[in-house]
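So the protein lines, in turn, are chains A and B. Residues in the first sequence are numbered from 1178 upward in steps of one, following the numbering used here. Residues in the second sequence are numbered from 35 upward in steps of one, following the numbering used here. C-beta: ideal position from N, C-alpha, C; glycine also. Small disclaimer: the values here were computed from a predicted structure and weren't measured. Shown next, in structure tokens, is the structure this report addresses.
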Amino acid sequence: SQQGEEDPQALSIQEGENATMNCSYKTSINNLQWYRQNSGRGLVHLILIRSNEREKHSGRLRVTLDTSKKSSSLLITASRAADTASYFCATDEGGAQKLVFGQGTRLTINP
Amino acid sequence: DAGVIQSPRHEVTEMGQEVTLRCKPISGHDYLFWYRQTMMRGLELLIYFNNNVPIDDSGMPEDRFSAKMPNASFSTLKIQPSEPRDSAVYFCASSSWTVSGANVLTFGAGSRLTVL
């Protein structure tokens, strides 16, 4: 089952611009995570936000969570060519131990 | 730690053959997950283990798929017999619930399976 749904499916921006990706989910959660996947590689954890948090920062990443709307956003500021990758949100479906991933947003940073 | 290690990285086989994918999780991690990734279906959770015990195998497509974790440092995912629709990238991931208070996954590099 797909818990998280990312929007947009693909995003292309110029280097230096900010990139925003959104994720919507269906059931209650304890936490929501964002992962990055470079082409041909495994996923890499970026950031986790708990259900009682509204915003979290890590370097150039900013994540927000709105549990009333069951949605989250990932903002990457001052994008770089190295940020080109697919980004996935993952949720724990009502506090379960397993993580369910969305379809991902494919981000392309043009130099 | 070398991270999560998967083998083989690439496997090309013919329909009907048995396929075995292997995973070595990070030492000390008590959860192990098997995911499958395709363009059409995205990342699907197949099965996960906690302390070597299968907890949820509801994502395993059918009886042709089986997974084992005989000890804390090794897991296998077996497909027998394989079919072309099994072609995908299979990921193994491990985590330690007690350390992070949540399941933050460390993924392996994946095993790309092509069934002809």
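Which listed residue (the options) has its alpha carbon closest to that of residue i
{"i": "Asp1184/A", "options": "Glu1270/A, Ser1205/A, Phe1265/A", "result": "Phe1265/A"}
{"i": "Ser121/B", "options": "Ser107/B, Val53/B, Ser41/B", "result": "Val53/B"}
{"i": "Cys1200/A", "options": "Gly1217/A, Leu1252/A, Gln1274/A, His1234/A", "result": "Leu1252/A"}
{"i": "Asn1287/A", "options": "Met1198/A, Leu1223/A, Arg1257/A", "result": "Arg1257/A"}
{"i": "Arg70/B", "options": "Phe108/B, Gly93/B, Gly135/B", "result": "Gly93/B"}
{"i": "Ala106/B", "options": "Asn84/B, Asp97/B, Gly135/B, Pro95/B", "result": "Asn84/B"}
{"i": "Asn1193/A", "options": "Ala1273/A, Gln1280/A, Asp1260/A", "result": "Checking the sequence, you will find Gly at residue 1193/A rather than Asn. Of the candidates Ala1273/A, Gln1280/A, Asp1260/A, the one whose C-alpha sits nearest the C-alpha of Gly1193/A is Asp1260/A."}
{"i": "Gln114/B", "options": "Pro95/B, Phe108/B, Pro104/B", "result": "Pro95/B"}
Beta-carbon proximity list for residue i, same chain, < 6 Å, skipping 5 on both sides
{"i": "Leu1220/A", "result": "Tyr1212, Gln1214"}
{"i": "Ser100/B", "result": "Lys112"}
{"i": "Thr110/B", "result": "Thr54, Arg56, Lys102"}
{"i": "Gln51/B", "result": "Ser116"}
8 Å Cβ cutoff met for residue i and residue j
{"i": "Ala1262/A", "j": "Leu1238/A", "result": "no"}
{"i": "Asn77/B", "j": "Phe1278/A", "result": "The sequence given here places Leu at residue 77/B; Asn does not occur at that position. For Leu77/B and Phe1278/A, yes; Cβs fall inside 8 Å."}
{"i": "Arg1227/A", "j": "Asn1207/A", "result": "yes"}
{"i": "Val123/B", "j": "Gln1210/A", "result": "no"}
{"i": "Tyr82/B", "j": "Lys1233/A", "result": "no"}
{"i": "Asn1195/A", "j": "Thr1254/A", "result": "yes"}
{"i": "Thr1282/A", "j": "Leu1223/A", "result": "no"}
{"i": "Ser1250/A", "j": "Met1198/A", "result": "yes"}
{"i": "Met74/B", "j": "Pro118/B", "result": "no"}
{"i": "Gln1280/A", "j": "Gln1191/A", "result": "no"}
Own chain residues within Cβ distance below 8 Å of residue i, not counting five before or after
{"i": "Thr47/B", "result": "Val53, Ser116, Leu147, Thr148, Val149, Leu150"}
{"i": "Gly142/B", "result": "Gly37, Val38, Ile39, Gln40, Cys57, Phe125, Cys126, Ala127"}
Close Cβ partners of residue i (< 7 Å) along its chain, the five nearest in sequence each way excluded
{"i": "Thr140/B", "result": "Gly37, Val38, Ile60, Ala127, Ser128, Ser129"}
{"i": "Gly144/B", "result": "Gln40, Val123, Tyr124, Phe125"}
{"i": "Ser1244/A", "result": "In the sequence as presented, Ser is not what sits at residue 1244/A; that position holds Thr. Ser1228."}
{"i": "Thr72/B", "result": "Ala122"}
{"i": "Ser1216/A", "result": "none"}
Any C-beta of chain B under 8 Å from that of residue i
{"i": "Asp1184/A", "result": "no"}
{"i": "Asn1215/A", "result": "no"}
{"i": "Val1162/A", "result": "What the structure shows of chain A is the stretch from 1178 to 1288, and residue 1162/A is not part of that stretch, so it cannot be assessed."}
{"i": "Gly1219/A", "result": "yes"}
C-beta neighbour in chain A for residue i, strict 8 Å
{"i": "Tyr82/B", "result": "yes"}
{"i": "Ala101/B", "result": "no"}
{"i": "Ile89/B", "result": "yes"}
{"i": "Tyr124/B", "result": "no"}
{"i": "Val138/B", "result": "yes"}
{"i": "Gly62/B", "result": "no"}
{"i": "Phe108/B", "result": "no"}
{"i": "Ala36/B", "result": "no"}
Any non-hydrogen atom of the ligand FAD closer than 7 Å to residue i Cβ
{"i": "Gly1193/A", "result": "Ligands are entirely absent from the displayed structure, and the ligand FAD is therefore not among its contents."}
- Message: Three Cβ pairs or more, each shorter than 8 Å: is that satisfied between the region 115-135 of chain B and the region 57-68 of chain B?
- Response: They touch, by the three-pair rule.
- Three or more beta-carbon pairs under 8 Å between the region 88-100 of chain B and the region 41-48 of chain B, yes or no? Proximity of the region 88-100 of chain B to the region 41-48 of chain B falls short of the contact definition, fewer than three beta-carbon pairs being nearer than 8 Å.
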